[in-house]
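Trainee: Submitted below is the structure of interest, expressed as structure tokens.
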Amino acid sequence: MKKSRNQLQRNDYSPEVTLQQDLITYLRHHHGSMCRQWFDDIEPIGVVNGVLRLLVNEPVQLRYLQRVCTEQFSEAAQAITGRLLSVHFVGSEEDRVPSATDGPSDSSAEGDEGNPLFSEEMLLSPDYSFENFVVGPGNRLAHAAAMAVAEHPGRAYNPIFIHGGVGLGKTHLLQAMCQSILNKQPSTKICYTSCSNFMDWFIDAVKAGRMNEFRSRFRTTDILVIDDIHFLAKREQTQEEFFHTFNTLYQSGRQIILSSDAPPNDIPDLEERLVSRFNCGLVARVDKPCFETRVSILQSKAELQRLELPAEVPAYVAAKVDSNVRELEGALTRVRGYAMASGQPITLQLAKSALSDDGMTSGQTNGQPSIQSIIDTVTQYYDIKLTDLLSKRRHKSIALPRQVCMWLARRHTRFSLEEIGGYFGGRDHTTVMHAVRQISSKRENDPSLANDVERIERSLLDETIV
Ligand code: ADP
Ligand code: MG
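Its first residue numbered 79, the sequence shown is counted upward by one per residue in our numbering.
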């Protein structure tokens, strides 16, 4: 319905439609990996006081755009109009006429603004929906269970516990459940967070003497979703708190949704009573996708990004990358980056060169270190595992070396932010940009880090000069 309205307007050649198309064209060109099919539904509704207002009907999309895409849209609006515009995404519920209090900052009505204890609430990605989830033999059970939970929260399986290796779609399924539940019942209170956030908030709440607030936050929610619950290992105090949270919610029939890298019994140092709670609902595992599923996933991701792929490309990439879906996406990003950089359409030949070993993985290009050699040097220096480095773990012991890698890659290779992000497990370019800024500023203020980075850099460059 939304599409047809756009279509109608498009035939009218109204200035809004041209602007809409120009924005998308600019973004596709300059921030290709960010663009999604559904950007077509964003509707410009006018400029007031230097602010271009863009209407977004879907709440999850709205929030996502506000948090992640404002900078790029503003850049696009400025480039197209030649005016110093900023962009403001507004939802259909909001007053479409700007008010005195309206501004470019943020209009989302989050209840937590001004509450620093819970400032880092996790954002749902519109990409992670059931529609965009490809079902195959490795995830069929987990997917079916997730659908059942989304259909009857608190009644189908409680808790639902999804486990499996890195990059196999656990977070995707968790978010799909959240989105599906919110679509059906927008007023549902969902508390969705990573286990690390839960632990950090808990510690902060204890320190600040704000446990009541913490408890009411987690114990009064309709649905509690905690990603990567295995991080509770060894955290006795947090386990204790979580146990009571769990019981309170469970007893009142509210849905608990968990993911982990291991089944409950294999999480080291997890209290027995928690293990048994986790096992009392449905435990489902996600396995690596088979070749056919990998091909379908690539096709689906390409479609989502409006990327035209000749049929043999997904097959080639799927045959070459069989580790996990995140790597698969990283490979696709790399192929797209190559096509953009060379101004050529994507062909099998191009995909082959983009993914060839001397493209990014080994050796050096023109005296530059390769990304692989950067990773080798950094993992050796900090004594961490490659899998951790490429994972989504946000613990400081992993996050810092990962940021150092990105900073080095930016400084010593010619790869774009997007390509670097793609290499580090499909992270987007804003993550890379953030990492680069963080390390640049830390090098100035933290002599010990500056020293580490300098030593890593020296050893990397010594290696490179043959
Ligand atoms: P995990 O949480 O298990 O480490 P994620 O859920 O973050 O993995 O998945 C990594 C990436 O792979 C995400 O971009 C996700 O959309 C994608 N992905 C994983 N499995 C599927 C699938 N079956 N269909 C489509 N995309 C998938
Ligand atoms: Mg995850």
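Built from N, CA and C at the ideal position, the CB exists for glycine as well. Computed from a prediction, not measured in an experiment: that's the story for all the values here.
Can you tell me whether P237 is buried or exposed, with buried defined as 16 or more other CB within 10 angstroms of its CB?
Mentor: For this step, residue 237 is matched to residue 159 along the sequence shown. With at least 16 other beta carbons inside 10 angstroms of its own, P237 counts as buried.
Trainee: Starting from C358, trace the alpha helix (DSSP H) both ways and give me its first and last residue.
Mentor: Looking up residue 358 in the sequence shown gives position 280. Neither: C358 is in no alpha helix (DSSP H) and is coded neither H nor E.
Trainee: Less than 8 Å separating the beta-carbons of T465 and V244?
Mentor: Locating residue 465 in the sequence shown gives position 387, where the first residue counts as 1. Locating residue 244 in the sequence shown gives position 166, where the first residue counts as 1. Yes, Cβ-Cβ distance for T465 and V244 is below 8 Å.
Trainee: Quick one: measure Cβ to Cβ for I259 and I301, integer angstroms, because I've assumed they're closer than 8 Å.
Mentor: By 1-based counting over the sequence shown, the position of residue 259 is 181. By 1-based counting over the sequence shown, the position of residue 301 is 223. Between I301 and I259 the Cβ distance is about 6 Å, and since that is below 8 Å, they are a contact.
Trainee: Is there at least one non-hydrogen atom of the ligand ADP closer than 7 Å to the beta-carbon of G169?
Mentor: Walking along the sequence shown from the start, residue 169 turns up at place 91. It does not: the Cβ of G169 is nowhere closer than 7 Å to a heavy atom of the ligand ADP.
Trainee: Mind checking whether the beta-carbon of K463 lies closer than 7 Å to any heavy atom of the ligand ADP?
Mentor: Counted from its first residue, the sequence shown places residue 463 at position 385. For the ligand ADP, not one heavy atom lies less than 7 Å from the Cβ of K463.
Trainee: If I'm right that R338 touches F211 with Cβ under 8 Å, what's the distance once you round it to whole angstroms?
Mentor: Translated into the one-based positions of the sequence shown, residue 338 becomes position 260. Translated into the one-based positions of the sequence shown, residue 211 becomes position 133. Going by the sequence as given, residue 338 is Ser instead of Arg. Actually they do not touch by this definition, with Cβ atoms about 19 Å apart.
Trainee: Go to S337, then tell me how far its beta strand (DSSP E) extends in each direction, as first and last residue.
Mentor: On the sequence shown, position 259 is the one that residue 337 refers to. It spans 333 to 338 - the beta strand (DSSP E) in which S337 sits, taken as one unbroken run.
Trainee: Confirm, please, whether the CB-CB distance from R412 to L385 is below 8 Å.
Mentor: In the sequence shown, residue 385 corresponds to position 307, counting from 1. In the sequence shown, residue 412 corresponds to position 334, counting from 1. No, they are not a contact pair.
Trainee: Report the CB separation of S111 from E496 in whole angstroms; it is logged as a contact under 8 Å.
Mentor: On the sequence shown, position 33 is the one that residue 111 refers to. On the sequence shown, position 418 is the one that residue 496 refers to. With a Cβ gap of about 5 Å, S111 and E496 count as contacting.
Trainee: Ordered along the chain, which non-local residues of its own chain (more than five positions away) have a Cβ less than 8 Å from that of D454?
Mentor: Along the sequence shown, read from residue 1 onward, the residue named residue 454 stands at position 376. For D454, where only same-chain residues beyond five positions count, there are no Cβ hits under 8 Å.
Trainee: For the beta strand (DSSP E) holding P215, just list the boundary residues, first then last.
Mentor: For this step, residue 215 is matched to residue 137 along the sequence shown. Note, P215: premise wrong, no beta strand (DSSP E); not H, not E.
Trainee: Any residue with its Cβ nearer than 5 Å to a heavy atom of the ligand ADP should be included. What is that list in chain order?
Mentor: That query returns the following residues: F211, V212, V244, G245, L246, G247, K248, T249, H250, I375, V403, R404.
Trainee: Does the distance from the CB of V168 to the CB of T148 come in under 8 Å?
Mentor: Here residue 168 is taken as the residue at index 90 of the sequence shown, counted from 1. Here residue 148 is taken as the residue at index 70 of the sequence shown, counted from 1. No, Cβ-Cβ distance for V168 and T148 is not below 8 Å.
Trainee: Under the assumption that I335 contacts M255 (Cβ atoms under 8 Å), give the Cβ distance between them as a whole number of angstroms.
Mentor: Counting from 1 along the sequence shown, the entry for residue 335 is found at position 257. Counting from 1 along the sequence shown, the entry for residue 255 is found at position 177. That belief holds up - the Cβ atoms of I335 and M255 are roughly 6 Å apart, short of 8 Å.
Trainee: Near K379, which residues of its chain fall below 7 Å by C-beta distance, leaving aside the five closest residues on each side in sequence?
Mentor: In the sequence shown, counting from the first residue as 1, residue 379 sits at position 301. Excluding sequence neighbours, K379 sits near E407, L410.
Trainee: Is the distance from the Cβ of V361 to the Cβ of P342 below 8 Å?
Mentor: The sequence position of residue 361 within the sequence shown is 283, counting from 1. The sequence position of residue 342 within the sequence shown is 264, counting from 1. Going by C-beta atoms, V361 is nearer than 8 Å to P342.
Trainee: Measure the beta-carbon distance from L201 to Y142 and round it to whole angstroms, keeping in mind my assumption that it falls under 8 Å.
Mentor: What you label residue 201 is simply residue 123 of the sequence shown in a count that begins at 1. What you label residue 142 is simply residue 64 of the sequence shown in a count that begins at 1. Correct: roughly 6 Å between the Cβ atoms.
Trainee: Quick check on Y416: does DSSP put it in helix, strand or coil?
Mentor: Working through the sequence shown from its first residue, we reach residue 416 at position 338. Reduced to three states, the DSSP call for Y416 is helix.
Trainee: Closer than 7 Å to a non-hydrogen atom of the ligand ZN - does that hold for the CB of K430?
Mentor: As for the ligand ZN, it is missing from this structure, which binds only the ligand ADP and the ligand MG.
Trainee: Three Cβ pairs or more, each shorter than 8 Å: is that satisfied between the segment 483 to 499 and the segment 388 to 405?
Mentor: no
Trainee: Would you say D466 touches the ligand MG, meaning its beta carbon is less than 7 Å from a heavy atom?
Mentor: Locating residue 466 in the sequence shown gives position 388, counting from the first residue. D466 Cβ: outside cutoff for every heavy atom of the ligand MG.
Trainee: What distance in whole Å lies between the Cβ atoms of K366 and N402, which are believed to be in contact at a cut-off of 8 Å?
Mentor: Here residue 402 refers to the residue found at position 324 of the sequence shown. Here residue 366 refers to the residue found at position 288 of the sequence shown. Yes, they are in contact, since the Cβ atoms of N402 and K366 sit about 7 Å apart, within 8 Å.
Trainee: Give a yes or no on whether the C-beta atoms belonging to M289 and F309 are separated by under 8 Å.
Mentor: As a position in the sequence shown, residue 289 is number 211, starting the count at 1. As a position in the sequence shown, residue 309 is number 231, starting the count at 1. No.
Trainee: For the alpha helix (DSSP H) containing R521, name the first residue and the last one.
Mentor: Here residue 521 refers to the residue found at position 443 when the sequence shown is read from its first residue. Looking at the DSSP string, the run of the alpha helix (DSSP H) that includes R521 is 507 to 523.
Trainee: Should D400 be labelled buried (16 or more other beta-carbon atoms within 10 Å of its own) or exposed?
Mentor: Here the question's residue 400 lines up with position 322 in the sequence shown. Classification of D400: exposed, given that the 10 Å Cβ count is below 16.
Trainee: Just list the alpha helix (DSSP H) runs in the segment 96 to 180, keeping only unbroken ones of 4 residues or longer that don't cross its boundaries, in chain order.
Mentor: 137 to 142, 148 to 159
Trainee: Report the rounded CA-to-CA distance for R161 versus G421, giving the unit in angstroms.
Mentor: By one-based count along the sequence shown, residue 161 stands at place 83. By one-based count along the sequence shown, residue 421 stands at place 343. Spanning the two alpha carbons is a distance of roughly 28 Å.
Trainee: Tell me the DSSP bridge mates of G242?
Mentor: On the sequence shown, position 164 is the one that residue 242 refers to. V364, per the DSSP bridge assignment.
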